[in-house]
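**Q** Got a structure here, written out as structure tokens. Questions coming.
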Amino acid sequence: MAVHIIDDIPFTLIRCARRSVGLSVRPDGSVHVRAPLWLPERTIYKMMKERIPWIRARRQAAGKQIMIPPDGPELKKLKIAARERFMSLAAPWIERFEIRYGVSPLRWTLRDMNSRWGSCSMTTRRITLNLKLFHKPDECVEYVIVHELCHLLYPNHGKKFYELLSSELPDWKLKKKLLNNKII
Ligand SMILES: [Zn+2]
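What follows is the structure, encoded as structure tokens:
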């Protein structure tokens, strides 16, 4: 399994024992390609290129499906599930940042936001994550978590911030792309 990019569209290529290429766009907008083991990569790329308009349309439709329910039992259920998933993804990173840099967040807040995926206050050490992330793949959620944890050390997006982010998550750009390509 590897992440490739064609025309700004990231896709996961899965090699398996099958005879034809299978292409799917999931509800979270991620693109998965299943291809026979023997098929050359350039052939896969060629096929993908031909299907780009279709992929774009499917991803756009998928992106529109991200809706957070209004206040009520459904939202409560979503918040519980999101907290469980986000915190299990965050746990190893929290430990790592505490050991390496001596910083740790005090509180994690989850809420529906429209313009950002997360935020972090260095003074209150509170990290807020967008509930919409629940519909994104793990690697995108992980990117936001690590990004916000880096803000515990550097509040702004300066050189040092990006140095830290790149050292902790070398492929953060790809993950960010994956996250923002199928935006709301
Ligand atoms: Zn930031």
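Following our numbering, the numbering of the sequence shown begins with 3 at its first residue and continues without gaps.
We put the CB at the ideal spot given by N, CA and C, even for glycine.
Note that the structure is a prediction, hence the values are computed from the model and not measured.
(1) Would you kindly report the start and end of the unbroken beta strand (DSSP E) that includes R36?
(2) Report the residue ranges of all alpha helix (DSSP H) runs contained in full by the stretch 75-106; include only those spanning at least 4 residues, in chain order.
(3) With distances taken Cα to Cα, identify the nearest neighbour of T126 among K134, L108 and N116.
(4) Would L135 pass as a contact of F99 if the rule is Cβ separation under 9 Å?
(5) Identify which residue in S106, E144 and V148 has its Cα closest to the Cα of R128.
(6) With respect to the alpha helix (DSSP H) encompassing S169, which residues constitute its N-terminal and C-terminal limits?
(7) Give the secondary structure of I70 by DSSP, where H, G and I count as helix, E and B as strand, and everything else as coil.
(8) Identify which residue in I96, C18 and E52 has its Cα closest to the Cα of I147.
(9) Between F13 and the rest of its own chain, which residues show a CB-CB distance below 6 Å, the 5 nearest in sequence each way excluded?
(10) In the DSSP assignment, find the unbroken alpha helix (DSSP H) run with R109 in it and report its ends.
(11) Rounded to the nearest angstrom, how far is the Cβ of M115 from that of P157, given a contact under 8 Å?
(12) How would you label K162, buried or exposed, when you count the other beta carbons within 10 angstroms and need 16 or more for buried?
(13) From the DSSP output, which residues share a beta bridge with R17?
(14) If you follow the beta strand (DSSP E) that T130 is part of, which residue opens it and which one closes it?
**A** Reading from the atomic positions:
(1) For R36, the enclosing beta strand (DSSP E) covers residues V33 to P38.
(2) 75-103
(3) L108
(4) no
(5) S106
(6) For S169, the enclosing alpha helix (DSSP H) starts and ends at K161 to E170.
(7) coil
(8) I96
(9) H6, V33 and V35
(10) No alpha helix (DSSP H) contains R109, which is instead part of the beta strand (DSSP E) from R109 to R113.
(11) With 8 Å as the limit, M115 and P157 do not qualify as a contact, their Cβ atoms being about 19 Å apart.
(12) exposed
(13) A37
(14) R128 to N132
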